[in-house]
Structures are given as structure tokens and as C-alpha cells.
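Working notes, beginning with the structure itself.
Protein chains in written order, with my numbering: chain A, 144 to 406; chain B, 144 to 406.
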């Protein structure tokens, strides 16, 4: 068997999330759709290992996954490079236009998309246009037609950066997930607040994120930016691990898995 | 009666074009959808005059239209400014999320969106990414994964700029339209070829455009850029008014009515 690593971009709008679903819902998840199409091309029932799950509606510019195929599939062409190029082109022909494989490489058998991930970057886009949200970004940004105090938001970022127990910035609603995640300590390496043509976007890089953590961090920063939430409250949410003190979980609409970095 | 001018943005993907359609198709055109929603808000059967038609699938960032309402509608509030703000907000609440009114102003009764337009600007986006088109721009850009010779395209632009009979760069397929357009002379003020994050875009400004003219100009420039069409052929298409010499009519997917300027 050979191990193949792929980098995937998808518009999550029409899907129930990354995670494979059974039966008739097979093609309603990104993973299920990819497994169906790749399986037909390689003529083998592939199972993808993703770098992590993305929720319903969340987009990705650089999701990473790997899967095993019989060695023969890779040695059928002139060389492996050419074979992988053919594989990627075939996938992109057969996949719906909201999912694209950007890269496919042959990796060592011990490569694991989730366990080997060193850090991940998620971005969240905010459309701050007063009159109306941009119609062309309506599925890719959250509309917050308010003045945001970037200075205050940067103060909140200073509190959040570093290694902390982020339990107060996570949701417990998804049964089973949080149970397994006994360790809720994560290291937030950077949070950037950057200009975007219709407003701003946040870029979060960490060694990992808890369930809904990016959406709650974004909700909290927005509440700080609009003055609904004080800096002290952010500190309390973190120190007391108190979900009630942190901001709301914002919609998935503006959220992108930007990139996954490996050792 | 009072005359109101509105500036509209729309994602044309889901519509059959600007032009009002009868019966059950009323809400499948941008104009029909706007007339339905505005009519309900002002409680009067409004008829919009657009700056021009856009075809099925074409987008707009700054379409302009005007319509008459009974004077009483504007004088019901504290002042006209406030009333127009209320009107715009109500429209945007009731319109589907792919159409937004960006501005509404009270103009003199003799203002006419089409006759008074001095010039229009259309843009056309080209995604030149080799691997795969960007999933997030798939409805807003044409995928041309080829190397484009910008220098050659600029040479073609030099030929096209100015006042010419653009009959060779128009379609005759839409019965009735071309008949009325006996005068096929237009002045192309500027054509810019600009960088865009996934490739390039063309920006065309003219005193007016013939049916399909922007799409044929784009198709021609792309064929020049990829080497399929020579500069001499562009000159012939223009001089001999020969549609066969000009490039293909590209899809509506990457086309935006950017802005309409008035005297």
C-alpha cells in the first residue's frame, strides 16, 4: 500500500461538514464526497484521514488529508509524478465545483494528517460595510455593520496568546468529542487582525483548536470591538474557564481552514 | 410623483438577467424581483428604468435604476433623507440576499437612468491558476489556466480604443435588440488589464456597449493573450466589422457591471 497526501479547498456552504456520514448522506459531507470520487478513480474503497473536522458551512483553502491505495495504482503510469497529476486532474473533473484537490503527493507510510500536524491556521472574515453586506461575499464573511475598536481587540488578543486551558472558549454540545478531549490546553501562537476589502479578518494560528474555539474567539473579539464585552471579562473567561464570560459562537459563514503545517 | 434613483449590487448567478419577465418568471429577473419588493414597500406598482440590461448570469456592483413613486411616500417621515434610509433598509430586509440596494436618492423628475448615462464600466475576471480554479471565485471568474501574454493583449487594446463601429464585436442573436441599435458606433474610453489575486481582470469603459460586446472583447483579448488570435485579426474584425474574425463570446460568469457614470 502507498500513502497519498492531498491538499483540498472547499466551499462548505452546501455541506454538513467534513466528517463522513452514513447512507444517503454520504455525499453531503466533504469527506464522504471525496471518498466516493477518489474510490471510483483508484478502484479501491479509500478511507480519508483528515487533519481535523470542519463543521457544517465552514470553508477550507488548505485542508489536508491522507489515504492508502494499492501500490499498483501509483506504478501504472510512466512515473509517480505523472500518475499523481493524472489522479488529481481526474478527481477535479469528477468532483462537484465546490471541492478541489490542489495538490497530491506520495508520502511515507507513517505520515498521519492529524497526528503529525504541527499547527493550524484558521481565518475569519468580517464584512463591516454599513449600507449592506457585499453580495459576493455573503457566503464567505459575517456581516457586522459596526465600528470595531481594533486597539481594544488587540488588548484582548494579548490576553489570549500563549498556552492556556481554553475550556472557556469551547462548546461541549457535541457529545463524545469533548469527552475524548480531556486535555483542553492549547497554545495560541498568533492572532492577527488584518484589513480586508470589505472590513477585516482574523487569522488564528495554534497547535490545535477545541470544538468551536475559533468561532468563540471571533465572537469574543467582536464583542470586545463593539464594546459589548470588556477586557476584564475576557481574562475571566480564560482564567475561570467560564464559557458564559466569553462571547457568542459566531456563524460558520466567515470561517476558513487556511492551512495546516507539518514538521 | 417623485423620481428615485437607486444603485444596486447583485449576484446574477441565480437569475435570467436584468430584464423583467412575465407571469411566473417575475422573480427570476433582477428587475422583476426589485419591482415586486419595492412595489410592496411603497404600496404602488413601480416600474424600474435600468441603465441597461444585463444578461443571464451577469453580476453588478453598481447597476443604476430609477422609478416614480407618489410624492406622499417620501413625505411621510420626518424628512426625505430619513425616509429614503428607511426605504433602503426595508428593501434589503425583504430582498433575497443576492440583491442589495446600496444607495437610494431623490432626483429631479427628468433624470433617466439610461438616457443620461455618460459612460459605463464593466469588469471581467480571469482565474489563471494552473492547478484548479479557486472554489470561492467559481461563480465570479472564468477559469483560463493558461499563460497570457499581457504585452500582446495591450497591443490589441491600442487597436480597439477610441470611436469605432463595433458591429464585429457584437452578437445579433437577440432579435429586436440589434434592429433598434442601428447605430453600432461606440467610443471605448479605456481598457485596463489589471492584476487580481487569482489572475487578472479587464476593465472596460465606454459611452455604451453593444449586445455581448464586453464578452466578445474579453474573448478576443484572451485569444490574443494565448496566441490563438493575432493582432492583425483584431484589426480586421474591427475594420471589416467581421464577427468571425473576433474572439468567442465568453461565459457570463466573470462579468460585472462595475459602475455607471452620469453627467
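The beta carbon of each residue, even a glycine, is placed where N, CA and C say it ideally should be.
- Residue 164 of chain B sits in coil when the DSSP states are folded into three classes, being neither helix nor strand.
- Take the alpha-carbon of residue 145 of chain A and the one of residue 200 of chain A: they are about 32 Å apart.
- Identification of chain B residues near residue 337 of chain A by a Cβ-Cβ cut-off of 8 Å yields none; the smallest Cβ-Cβ distance measures about 14 Å.
- Beta bridge pairing from DSSP links residue 335 of chain A with A:346.
- Near chain B, meaning a CB-to-CB distance below 7 Å, no residue of the region 387 to 402 of chain A qualifies.
- For residue 183 of chain A, the closest Cβ of chain B is not nearer than 8 Å.
- Less than 8 Å divides the Cβ of residue 405 of chain A from the Cβ of residue 260 of chain A.
- The beta carbon of residue 275 of chain A falls within 8 Å of a beta carbon belonging to chain B, placing the residue at that interface.
- With 16 or more other Cβ atoms inside 10 Å of its own Cβ, residue 148 of chain B counts as buried.
- Boundaries of the alpha helix (DSSP H) around residue 216 of chain A: 214 to 218.
- Residue-level contact by beta carbon fails for residue 352 of chain B and chain A, as no gap is shorter than 8 Å.
- A direct Cα-to-Cα measurement between residue 240 of chain B and residue 280 of chain A gives close to 10 Å.
- In terms of CA proximity to residue 283 of chain A, A:155 leads the group A:155, A:381, A:150.
- Residues 148 of the same chain have their beta carbon placed closer than 6 Å to that of residue 248 of chain A, with the five preceding and five following residues left out of the count.
- For residue 399 of chain A, the enclosing beta strand (DSSP E) begins and ends at 398 to 405.
- With contacts defined as CB atoms closer than 8 Å, residue 295 of chain A and residue 397 of chain A fail to qualify as a contacting pair.
- Under the 10 Å beta carbon count, residue 215 of chain B is surrounded by fewer than 16 other beta carbons and is classified as exposed.
- The DSSP-derived three-state label of residue 190 of chain B is coil.
- In the DSSP secondary-structure assignment, residue 265 of chain B is bridged to B:347, B:400.
- Where residue 367 of chain A is concerned, the enclosing alpha helix (DSSP H) starts and stops at 356 to 369.
- Interface flag for residue 233 of chain A against chain B is unset, since no Cβ pair is found closer than 8 Å.
- By the Cβ criterion, the region 299 to 317 of chain B is not in contact with the region 250 to 264 of chain B, since fewer than three pairs of Cβ atoms, one from each stretch, lie closer than 8 Å.
- The CB of residue 245 of chain A comes closer than 7 Å to the CB of 274, 275 in chain B, given here in chain order.
- Assigned with DSSP and collapsed to three states, residue 341 of chain A falls in coil, not helix or strand.
- Nearest neighbour of residue 384 of chain A by Cα position, chosen from A:251, A:403, A:359, A:371, turns out to be A:359.
- The C-beta distance from residue 313 of chain B to residue 267 of chain B rounds to 16 Å, too long to meet the 8 Å contact threshold.
- Residue 207 of chain B is bridged by DSSP to B:150.
- Assignment of beta-bridge partners to residue 305 of chain A by DSSP yields A:331.
- One alpha carbon belongs to residue 315 of chain B, the other to residue 325 of chain B, and they sit about 12 Å apart.
- Looking at the backbone, the Cα of residue 271 of chain B and that of residue 246 of chain B are separated by about 34 Å.
- Beta-bridge analysis with DSSP links residue 145 of chain A to A:212.
- If you compare the alpha carbons of B:378, B:343, B:363 with that of residue 269 of chain B, the shortest gap goes to B:343.
- Residue 229 of chain A and residue 377 of chain B have their C-alpha atoms spaced approximately 36 Å apart.
- Distance from the CA of residue 392 of chain B to the CA of residue 357 of chain B, rounded to the nearest whole angstrom, comes to 9 Å.
- When DSSP states are grouped into helix, strand and coil, residue 255 of chain A belongs to the coil group.
- For chain B, the residues of the region 279 to 305 of chain A that bring a beta carbon within less than 7 Å of one of its beta carbons are 279, 281, 283, in chain order.
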